[in-house]
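Student: Here it is: the structure, laid out below.
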Amino acid sequence: MSEKTILQIAGLYKRFGDFTALHSIDLKVREGEFLAIVGPSGSGKTTLIRLFVGMDEPTDGTIWLRGQRIDTVPANKRPTCMVFQSLALFPHMTVGRNIEFPLKVAGVDPAQRRERALELLDLLRLPREYYAKRIHQCSGGERQRVALARALAFDPEILFFDEPLSALDFRLRKTLEKELKDLHARTGKTFVYITHSLEEAMAMSDRIAIMRAGRFEQIAPADEIYSRPVSRFVAEFMGEVNLFPVRADDDGVIRADGLALDPAVAARLGLHAGEAGTLMVRPENVAMVNRSDAGGAAPEITIGGHLRAEYNLGSRLQYEVEGPSGQRLTVETLRENRFGGAPGDAVTLGWTLDRCHVIHGD
Amino acid sequence: MERLDRRLGALTATPMLVLLGLCFLAPLAVVAGFSVMPSKVFDLWHQPDFSAYAELLRQGYWKSLAWSLGMALASTLILLVLCWPLAYAMAKVYRRFTLILTIGVVMSLFVSENIRLFGWVLTLMKGGLIEGYLRHWTGTGFDGLLYNMPVIVFGLVYVYLPFMLFPLAQGISMVPDDARQAAADLGASRARILWEIDLPLAAPGIVVGCLLTFVLATGAVAESKLLGGQAVIVIADEVETAFTYGQDWPLGSALAMVLIAIVGAIAIVGVNRVDLDAIMGRRR
Amino acid sequence: MEPSRLSRAGLLLYGILTLGFLYLPLVAVGFASVSKARYLSFPIRRYDTGWYAEAMASDTVRDLLLISLKVAGLVTVISMIVGFFGALAFARYQWRFRGLFQKLILLPIFFPQTVLGLALLMWFNALGVVPSWHTAVVAHLVWISPIATLIIAIRAYSFDPTLEEAARDMGCSTLQILREITIPLLMPGVISAGLFAFLLSWGNFPLSLFTTGADSTLPEWLYAKMVAGYSPLVPTVGVLSVVASAVLLAVALLAPTLVRLWRRNAAD
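Protein chains in written order, with this note's numbering: chain D, 129 to 490; chain E, -5 to 278; chain P, 137 to 404.
In structure tokens form, the structure reads like this:
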């Protein structure tokens, strides 16, 4: 991946009647990267991708591809290509003719088209006999690969994906996620992938852009988004999380409801006088500290509560604890560290400072 | 894309709009024009008056209109009852037979209405298929079943059966099975399921079926002429007579306008209640 | 909720009886066409195919067939084209007057055909056009092309619009999309619309009655004879007309199978 920008958008707006789907969006996509755009449904991600490939026109703002403005170029003249959620494979054509389609439109001669289609079948690890198969004879995973092969045949500058895996079952989705990541590495193309599933984004992408209500909340590598989210929305969107409102008084004293916080530790949270924030800690970073065999570093922040329930998540166990002001807290631990308490038991939860993160602002 | 859609929509609608504008709306305007001309003229360059409408009231044409509407209503209701079980079976019970029945019914539509009604004449007349064989086997015959009002309704029921059957079947197929199952699970009786689940959910199909049948039957003429003899004169027949034997285009036009107004009002009100996209199986 | 065996059997019987009810009059016509007697009365005592020979030899019948064929042929071709584009405007594209357009298309189907025929007669008169079989084509089109539109629209509704978007994304122009994607995918609908158009035009009488002028189609001639009193040629020509449409229908239904067989043989 280079630092060169391949796609850039600035001040992009899209309105449908009274509804504003995109509010002044800015984004730079780097050459060769795998960028995932993640957001709940209705956050504007599909609208955004349709503007990228030219199926809709922006209300305002510009899109540059390698420094050239493309927002006024119609879809059929843009060197980008999209893999649709529905895949949009042509049901009246064979697999081979589907893959060859962009080459046919570009005027490539039949022999060359066929050769390229067979190469792409190899690349996607589909048997060459599939060339003559009909689309309805292919399984879900095979169709997925055919759609990818067709998009690659177009040889786009950037390949866009609109949740193509969302209709598949869990296991197939996991396999294809790995294949897609592998394909990205082998082709060296720029991939921009839209999904509502964070897991999918984490599994494949170099960077993740979190969208909410027509704006980007945070654009960063997956690890950073997971451990240092910039907002409560991102923190909660990225999976289970414990959040505690914290506030520094004007005289610098830090108040956190129910948390036992040593003043020396509190000073290191990085809150300025008069500032409010949210302390975030992921369930797997929380330990039950009243166990004799707690182990690990001594907790710097603790909170008391009562055990409510234990859930078996397979490889891990999850505990639900009711905090002092009735809030719901979550703890996750590996199976072998089972707590073994009964509902109603008093417990103390604790974690170290370097495992939590403060989100600034309300 | 929306802008392109808008342009292509208008573009692709153009041939049809030209056809309907020139050969449907324009002729209707001509009919409207003639209906306000003085009696027995053959062009539109006269002082408009409403003498044709006045004539229409004086001559008691409302009787024909009432007959047409009444028989159309009767045949619509009969068809609704007759077709419901069949449509239900097509949508939910039959498997392969649905296709056979569909093909069979559609093919019957391709035979000219005249020939089919003529077939009924041959079947029902004195010495026809029914009476002839009855006399042959039992020795006693009857006078034939033709030339009365009920046989016209029978003819309407026969001719418009497909127009009720297919929309009904389409409507019933839109009723999800799990809704009926859930209702049954919650203790609803068969009658209750019909009333609370089937009828409301199949309503678009019922509306379209009744509308088509009623409107087409109101304007029908061949049934009364071939099967009914002169038992009842229907409104479309009066229109035709005014134009041909009567040679009174304004009177015929005024009669046609009344028929158009009634049929058009019913059709427009009905069509507005139905989501065409949904009933025709729209995907997005 | 599965219906019982008994009610299933009852419904099946009901369906079969309905089919019988629909076709019973044609059976009567069929018997009548082979009765030797000049004045028909059941049961038929002597069967004879003489009326068929007479009908075949008749110049009138040949002219009627020819005119009906010309009208139906032209109506088929034009309504397939108009209906194809009409269906796209009806079902596929989101444009401002789509709702209005959908309702406008339904109006001629609902319209009393006799009145429509008369209205067209007056319109042609006002334009100074002399009615002939050409004007009958126009009259049929007003009723049949909306039906063709609806038939193709059903197909257009089940068609995934992202297919066209995908093709555009890969560089297709609007015309290329039409040729490569839209036409092939809507073709089955267009063909069945064409079949409907031909058969409906072939059997139509109320529209032809006032708009053919001096020419006459088969159904018109049959009607004139029926109203005038019994003629043994009526059932005969009626049967011939039904057989002609049945043959066309059979060919149309079998054609895809035959083409597939032929292709398979050619491929071997």
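Note that the Cβ used here is the ideal one computed from N, Cα and C, for glycine as well.
#1: What does a CB cutoff of less than 7 Å around V265(E) pick up in its chain, not counting 5 residues either side in sequence?
#2: Closer than 8 Å by beta-carbon distance: list the chain P residues that pair up with S33(E), in chain order.
#3: Strictly below 7 Å CB to CB, what residues from chain D border P320(P)?
#4: Quick one: which chain D residues come within Cβ less than 7 Å of L299(P)?
#5: Between the beta-carbon of V266(P) and the beta-carbon of V207(P), is there less than 8 Å?
#6: Can you give me the start and stop residues for the beta strand (DSSP E) that I336(D) sits inside?
#7: Does any CB atom of chain P fall closer than 8 Å to the CB of H130(E)?
#8: Beta carbons nearer than 7 Å to chain P: which residues of the stretch 101 to 117 of chain E have them?
#9: Quick one: which residues of the stretch 193 to 212 of chain D get their C-beta closer than 7 Å to a C-beta of chain P? List them in chain order.
#10: Is A216(D) closer than 8 Å to D296(P) when the C-beta atoms are compared?
#11: Using a Cβ cut-off of 7 Å, which residues of the stretch 231 to 243 of chain D contact any Cβ in chain P, in chain order?
#12: So if I threshold CB-CB distances at 9 Å, which residues from the stretch 217 to 236 of chain P count as touching chain E?
#13: Consult DSSP for G172(D) and reduce its assignment to one of helix, strand or coil.
#14: Taking the alpha carbon of H488(D) as the reference point, which residue from E460(D), P202(D) and R375(D) has its own alpha carbon closest?
#15: Does the Cβ-Cβ distance between A289(P) and A223(P) come in under 8 Å?
#16: Does any residue of chain P bring its CB to less than 8 Å from the CB of V320(D)?
#17: How would you call F247(P), buried or exposed, if buried means at least 16 neighbouring beta carbons within 10 angstroms?
#18: For V363(P), go through chain E and note every residue whose CB falls closer than 9 Å to its CB, in chain order.
#19: List the residues of chain P that I254(E) touches, going by C-beta distances under 7 Å, in chain order.
#20: Taking 8 Å as the cut-off, decide whether the C-beta atoms of A23(E) and T250(P) are in contact.
#21: Below 7 Å, is the gap between the Cβ of A437(D) and the nearest heavy atom of the ligand ZN?
#22: In three-state DSSP terms, what is S171(P)?
#23: From this set, T235(E), T6(E), L128(E) and P79(E), which residue's C-alpha is nearest A215(E)'s C-alpha?
#24: Note down, in chain order, all residues in the stretch 163 to 187 of chain E with a beta-carbon under 8 Å from any beta-carbon belonging to chain P.
#25: Would you check if the distance between the CB atom of L147(P) and the CB atom of A83(E) is smaller than 8 Å?
#26: Is S294(P) close to chain D? Criterion is C-beta to C-beta, closer than 8 Å.
#27: Residues of chain P with CB under 9 Å from M183(D), in chain order?
#28: So which of S294(P), S328(P), R396(P) and L236(P) has the shortest CA-CA distance to A272(E)?
#29: Could I get the ranges of all uninterrupted alpha helix (DSSP H) runs contained in the stretch 295 to 352 of chain D, with 4 residues as the minimum, in chain order?
#30: With H, G and I counted as helix, E and B as strand and the rest as coil, what does DSSP make of Q446(D)?
#31: Mapping DSSP to helix, strand and coil, what is M119(E)?
#32: What do you get for V154(E), buried or exposed, if any count of 16 or more other CB atoms within 10 angstroms of its CB means buried?
#33: Which residues, in chain order, does the stretch 270 to 295 of chain D contribute to contact with chain P at a C-beta distance below 7 Å?
#34: Spatial neighbours of F319(D) within its chain, please: CB distance less than 6 Å, with the 5 preceding and 5 following residues excluded, ordered by chain position.
#35: Would you please verify whether the beta carbon of I227(D) is less than 8 Å from any beta carbon of chain P?
#36: Mind checking whether V223(D) and Y259(D) have CB atoms under 8 Å apart?
Tutor: So, to answer that:
#1: none
#2: Within chain P, no C-beta atom comes less than 8 Å from the C-beta of S33(E); the nearest is roughly 16 Å away.
#3: Ordered by position in chain D, the residues that pass the 7 Å Cβ test against P320(P) are H220.
#4: A216 and F218
#5: no
#6: R335 to R340
#7: yes
#8: M101, S102, F104, V105, S106, E107, N108, I109, R110, F112, G113, W114, L116 and T117
#9: Contact annotation: in the stretch 193 to 212 of chain D, residues whose CB is within less than 7 Å of a CB in chain P are A203, N204, C209, M210 and F212.
#10: yes
#11: V233 and A234
#12: The residues in question are I217, V218, G219, F220, F221, G222, A223, L224, A225, F226, A227, R228, Y229, Q230, W231, R232, F233, R234 and G235.
#13: It is coil, neither helix nor strand.
#14: R375(D)
#15: yes
#16: By this cut-off, V320(D) is not an interface position.
#17: buried
#18: K219 and L220
#19: Chain P residues near I254(E): V251.
#20: Not in contact: A23(E) and T250(P) (Cβ atoms no closer than 8 Å).
#21: As for the ligand ZN, it is missing from this structure, which has no ligand bound.
#22: strand
#23: The amino acid occupying residue 215(E) in the given sequence is Val; Ala does not appear at that position. Nearest C-alpha to V215(E): T235(E).
#24: D171, R174, Q175 and A178
#25: yes
#26: No, S294(P) lies away from the interface with chain D (no Cβ there is under 8 Å from its Cβ).
#27: The contacting residues are E301, R304 and D305.
#28: S294(P)
#29: DSSP runs (the alpha helix (DSSP H)) wholly in the stretch 295 to 352 of chain D: 298 to 315 and 326 to 332.
#30: strand
#31: coil
#32: Position check: residue 154(E) holds Tyr in this sequence, whereas Val was assumed. Result: buried.
#33: Per Cβ criterion, the list reads F282.
#34: Cβ neighbours of F319(D) beyond the five flanking positions: F162, L287 and H312.
#35: no
#36: yes
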